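Protein chains: 2
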Amino acid sequence: MSLLVVGSIAYDNIVTPRETASDLLGGSAVYFSLAASLFAPVRLVGAVGEDFDRSHARMLAARGVDTAGLEVVSGGKTFRWTGEYSEDMNQRRTLSVELNVLEGFQPRLPAGFRDSRAVFLANGPVVTQHSVLDQLAAAPDLVVADTMDLWIETERAELERLLRRIDGLVVNDSEALLLSGCHGLIEAGRRILAMGPGTLVVKKGEHGAILFRGDRVIPLPAYPTPVVVDPTGAGDSFAGAMMGSLAAAERIDEAAWKRAVAQGAVAASFTVESFGTARLGGVSAEEARRRFDEYCGFLRIE
Amino acid sequence: MSLLVVGSIAYDNIVTPRETASDLLGGSAVYFSLAASLFAPVRLVGAVGEDFDRSHARMLAARGVDTAGLEVVSGGKTFRWTGEYSEDMNQRRTLSVELNVLEGFQPRLPAGFRDSRAVFLANGPVVTQHSVLDQLAAAPDLVVADTMDLWIETERAELERLLRRIDGLVVNDSEALLLSGCHGLIEAGRRILAMGPGTLVVKKGEHGAILFRGDRVIPLPAYPTPVVVDPTGAGDSFAGAMMGSLAAAERIDEAAWKRAVAQGAVAASFTVESFGTARLGGVSAEEARRRFDEYCGFLRIE
Numbered sequence: 001m002s003l004l005v006v007g008s009i010a011y012d013n014i015v016t017p018r019e020t021a022s023d024l025l026g027g028s029a030v031y032f033s034l035a036a037s038l039f040a041p042v043r044l045v046g047a048v049g050e051d052f053d054r055s056h057a058r059m060l061a062a063r064g065v066d067t068a069g070l071e072v073v074s075g076g077k078t079f080r081w082t083g084e085y086s087e088d089m090n091q092r093r094t095l096s097v098e099l100n101v102l103e104g105f106q107p108r109l110p111a112g113f114r115d116s117r118a119v120f121l122a123n124g125p126v127v128t129q130h131s132v133l134d135q136l137a138a139a140p141d142l143v144v145a146d147t148m149d150l151w152i153e154t155e156r157a158e159l160e161r162l163l164r165r166i167d168g169l170v171v172n173d174s175e176a177l178l179l180s181g182c183h184g185l186i187e188a189g190r191r192i193l194a195m196g197p198g199t200l201v202v203k204k205g206e207h208g209a210i211l212f213r214g215d216r217v218i219p220l221p222a223y224p225t226p227v228v229v230d231p232t233g234a235g236d237s238f239a240g241a242m243m244g245s246l247a248a249a250e251r252i253d254e255a256a257w258k259r260a261v262a263q264g265a266v267a268a269s270f271t272v273e274s275f276g277t278a279r280l281g282g283v284s285a286e287e288a289r290r291r292f293d294e295y296c297g298f299l300r301i302e
Numbered sequence: 303m304s305l306l307v308v309g310s311i312a313y314d315n316i317v318t319p320r321e322t323a324s325d326l327l328g329g330s331a332v333y334f335s336l337a338a339s340l341f342a343p344v345r346l347v348g349a350v351g352e353d354f355d356r357s358h359a360r361m362l363a364a365r366g367v368d369t370a371g372l373e374v375v376s377g378g379k380t381f382r383w384t385g386e387y388s389e390d391m392n393q394r395r396t397l398s399v400e401l402n403v404l405e406g407f408q409p410r411l412p413a414g415f416r417d418s419r420a421v422f423l424a425n426g427p428v429v430t431q432h433s434v435l436d437q438l439a440a441a442p443d444l445v446v447a448d449t450m451d452l453w454i455e456t457e458r459a460e461l462e463r464l465l466r467r468i469d470g471l472v473v474n475d476s477e478a479l480l481l482s483g484c485h486g487l488i489e490a491g492r493r494i495l496a497m498g499p500g501t502l503v504v505k506k507g508e509h510g511a512i513l514f515r516g517d518r519v520i521p522l523p524a525y526p527t528p529v530v531v532d533p534t535g536a537g538d539s540f541a542g543a544m545m546g547s548l549a550a551a552e553r554i555d556e557a558a559w560k561r562a563v564a565q566g567a568v569a570a571s572f573t574v575e576s577f578g579t580a581r582l583g584g585v586s587a588e589e590a591r592r593r594f595d596e597y598c599g600f601l602r603i604e
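These protein sequences, in sequence, are chains A and B. With the numbering used here applied, the first sequence corresponds to residues 1 to 302, in that order. With the numbering used here applied, the second sequence corresponds to residues 303 to 604, in that order.
Next comes the structure, spelled out in structure tokens:
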């Protein structure tokens, strides 16, 4: 199933308790694409500036990512984000954001992308997410969106309208509580399903994720990687592997969603093992399969 | 395998954001015994005061708990604890403690308990935990202990000696970090295994547990119960079902430990569904088995 992602492309500066790194290739669409392309070809839509290193586009293309939707804004600068992680890596603080080419960016789908059957709307302004759906030629088989506290607080009405247009939502635990107004995650998940999407995945970082679908509430743990070097991009990698796995599935049922969430957990575990995309970008399909099999084995109780 | 638990018996006052309850039967040995007795007969050792309601002892006996080690201290009062939970139920604050008969309590094993093959040392002064092991006639097949921040900070040397005498340790996440001096749980778990016990289970409340055993690090989620009325006793119920499951196992290998941790997660999920022991005390072996099968089904990825 053709898989489209619309999201950000960034150069990140990252400060962790042990190390600092600058000008790392990042952004939701990049992490998503690297993880998703382990399972299915990916169509990427996003904007960069003239400072964007063309070797990064070639690297994505080599991974099976169609970069026809990569818009280079003339005279523009690529989005830049600087963040700092706490001692236990569980909290992060944004030190600076330069929106640059993302300021007022309106994604335009290339004609060849308009028949995409699976669509992922990475975190971004909700009106922009709507505009992507409006550009599709036909209703896709699967539309999943991400969002964040900023849009939950400032674009509530548009977000509620979006929830009725999508099949799945992926958010983290604090966003699920904020969106639902609940204190407990299980209650929050059910409340959000009632707002529209048939499936909800709540990411809990090192604690895994919970899949909500119909009456079913299925918790899955994180893969226990011993080394957490840089959590940046873990959530987007999770979403990428999840969507790639679903796009490659014969049928999108509960079993496929469970497999997809598990693949998401595995991809996220690779991402955090290095700064930026270094580890995820080097993972082979075979290596991902081995860790997935190990993960499923952990959970097989006899 | 005969299963011995030495721990506290309490009357608890519990304040949650939605409700308050007083004089609830509680204590580590009580929650442990109710959960463990779903799987194996239990031998209980603990002290109560003259105020202890005999119907509570009869209730335990009816569940297959041998109360020969229940010491009624003449002129004494039963241990009392009052605690308050935060809005999201994840934090708790002790409002008052009356040690009463636990002040200086030295457990004495009845002669018939000294051949116990599986032993659980619930949270308590480390020297008391040592004294229980000293009273056993022969080395048991399985000794597992719990502990807490107080003893990690004040009885460090005795605790390190205990870690070399036991097969397994069960602690929560913050205790594992404190005991190991690490910032991450995976690293913490490995550090603790190097201190002695062959197996470590780190409980993470609503986020499940991690089993450490040799080189293996196996995360298992919590059972996603929608209703959390009162988390008191969840950890002790977890330990009880885990030890009961191990005591009933043919062989204590990795598969048995995984099953045991899963049974722990299921028992804890019953406990939190009501105040005190009301829900756990009413669970039948059949009901526990059904929820366990459901839990294992959640984790089967195909």
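Even glycine gets a Cβ: it sits at the ideal position worked out from N, Cα and C. Here the structure is a predicted model, which means the values were calculated and not measured.
Quick check: what's the CA-CA separation for residue i versus residue j?
i, j, result
"Phe79(A)", "Gly233(A)", "15 Å"
"Glu103(A)", "Ala562(B)", "53 Å"
"Leu471(B)", "Cys296(A)", "25 Å"
"Cys386(B)", "Gln393(B)", "Rather than Cys, the amino acid found at residue 386(B) in this sequence is Glu. Their Cα atoms are separated by approximately 8 Å."
"Arg289(A)", "Gly49(A)", "35 Å"
"Ala10(A)", "Leu246(A)", "26 Å"
"Gly124(A)", "Glu250(A)", "30 Å"
"Arg191(A)", "Gly584(B)", "30 Å"
"Thr199(A)", "Arg518(B)", "32 Å"
"Ser96(A)", "Leu150(A)", "16 Å"
"Arg345(B)", "Leu305(B)", "6 Å"
"Arg58(A)", "Val65(A)", "9 Å"
"Lys560(B)", "Ile301(A)", "6 Å"
"Leu179(A)", "Val434(B)", "51 Å"
"Phe407(B)", "Leu336(B)", "23 Å"
"Leu163(A)", "Ser37(A)", "26 Å"
"Leu372(B)", "Ala349(B)", "6 Å"
"Ile454(B)", "Arg463(B)", "12 Å"
"Leu411(B)", "Phe514(B)", "30 Å"
"Leu487(B)", "Lys203(A)", "18 Å"
"Gly537(B)", "Gly507(B)", "8 Å"
"His207(A)", "Asp12(A)", "25 Å"
"Ala459(B)", "Ser55(A)", "57 Å"
"Thr430(B)", "Pro409(B)", "7 Å"
"Phe39(A)", "Pro231(A)", "22 Å"
"Leu461(B)", "Phe52(A)", "57 Å"
Whose C-alpha, out of the options, is nearest the C-alpha of residue i?
i, options, result
"Gly546(B)", "Tyr333(B), Leu327(B), Arg320(B)", "Tyr333(B)"
"Trp383(B)", "Glu508(B), Ala490(B), Arg365(B), Gly328(B)", "Gly328(B)"
"Glu556(B)", "Asp215(A), Arg289(A), Phe298(A)", "Phe298(A)"
"Met1(A)", "Leu34(A), Arg63(A), Pro140(A)", "Pro140(A)"
"Ile316(B)", "Ser335(B), Val375(B), Thr369(B), Met391(B)", "Met391(B)"
"Phe540(B)", "Glu552(B), Gly516(B), Phe572(B)", "Phe572(B)"
"Ser74(A)", "Asn100(A), Val202(A), Glu175(A), Val227(A)", "Asn100(A)"
"Ala511(B)", "Val530(B), Asp532(B), Ala478(B)", "Ala478(B)"
"Ala138(A)", "His183(A), Arg114(A), Leu70(A)", "Arg114(A)"
"Val307(B)", "Pro528(B), Asp353(B), Met544(B)", "Met544(B)"
"Gly483(B)", "Ala68(A), Ala62(A), Glu87(A)", "Glu87(A)"
"Ala413(B)", "Gln431(B), Leu513(B), Gln437(B)", "Gln437(B)"
"Asp469(B)", "Val503(B), Glu460(B), Gly378(B)", "Val503(B)"
"Pro77(A)", "Ser8(A), His130(A), Ala40(A), Thr128(A)", "For the record, residue 77(A) in the displayed sequence is Lys; it is not Pro. It is Ser8(A) whose Cα lies nearest to the Cα of Lys77(A)."
"Thr527(B)", "Ser586(B), Glu596(B), Ala550(B)", "Glu596(B)"
"Val529(B)", "Ala496(B), Arg581(B), His485(B), Pro499(B)", "Arg581(B)"
| request: State whether the stretch 263 to 273 of chain A contacts the stretch 213 to 227 of chain A, with contact taken as three or more CB pairs (one from each stretch) at a distance under 8 Å. | output: yes
| field | Complete runs of the alpha helix (DSSP H) confined to the stretch 444 to 510 of chain B [at least 4 residues] | value | 451 to 456, 458 to 465, 475 to 482, 487 to 495
| message | Three Cβ pairs or more, each shorter than 8 Å: is that satisfied between the stretch 266 to 278 of chain A and the stretch 8 to 24 of chain A? | response | yes
| request: Let me know the beta strand (DSSP E) ranges lying completely inside the stretch 215 to 283 of chain A, each 3 residues or longer, listed in chain order. | output: 216 to 220
| Members of the stretch 183 to 210 of chain A that neighbour chain B once the beta carbon cut-off is set at 8 Å | His183, Gly184, Leu185, Ile186, Glu187, Arg190, Lys204, Glu206, His207, Gly208, Ile210
| query | Do the stretch 112 to 120 of chain A and the stretch 142 to 158 of chain A meet, that is, are 3 or more Cβ pairs less than 8 Å apart? | reply | Yes: at least three Cβ pairs fall under 8 Å.
| Using Cβ-Cβ distances below 7 Å, what residues of the stretch 394 to 415 of chain B are close to chain A? | Residues of the stretch 394 to 415 of chain B whose Cβ lies closer than 7 Å to any Cβ of chain A: none.
| said: Taking beta-carbon pairs under 9 Å, can you tell me which members of the stretch 140 to 169 of chain A lie near chain B? | reply: none
| Which runs of the beta strand (DSSP E) spanning at least 3 residues fall entirely within the stretch 27 to 63 of chain A, listed in chain order? | Inside the stretch 27 to 63 of chain A, DSSP marks whole beta strand (DSSP E) runs of 3 or more residues at positions 42 to 48, from first to last along the chain.
| task | Could you name the residues of the stretch 212 to 223 of chain A whose beta carbon sits closer than 7 Å to any beta carbon of chain B, in the order they occur along the chain? | result | Val217, Ile218, Pro219, Leu220, Pro221, Ala222
| field | Secondary structure, beta strand (DSSP E): runs of 3+ residues fully inside the stretch 69 to 104 of chain A | value | 79 to 85, 92 to 98
| field | Chain-ordered residues of the stretch 564 to 583 of chain B with a beta carbon less than 8 Å from chain A | value | Ala564
| task | Anything in the stretch 32 to 63 of chain A with a Cβ closer than 9 Å to a Cβ of chain B? List those residues in chain order, please. | result | none
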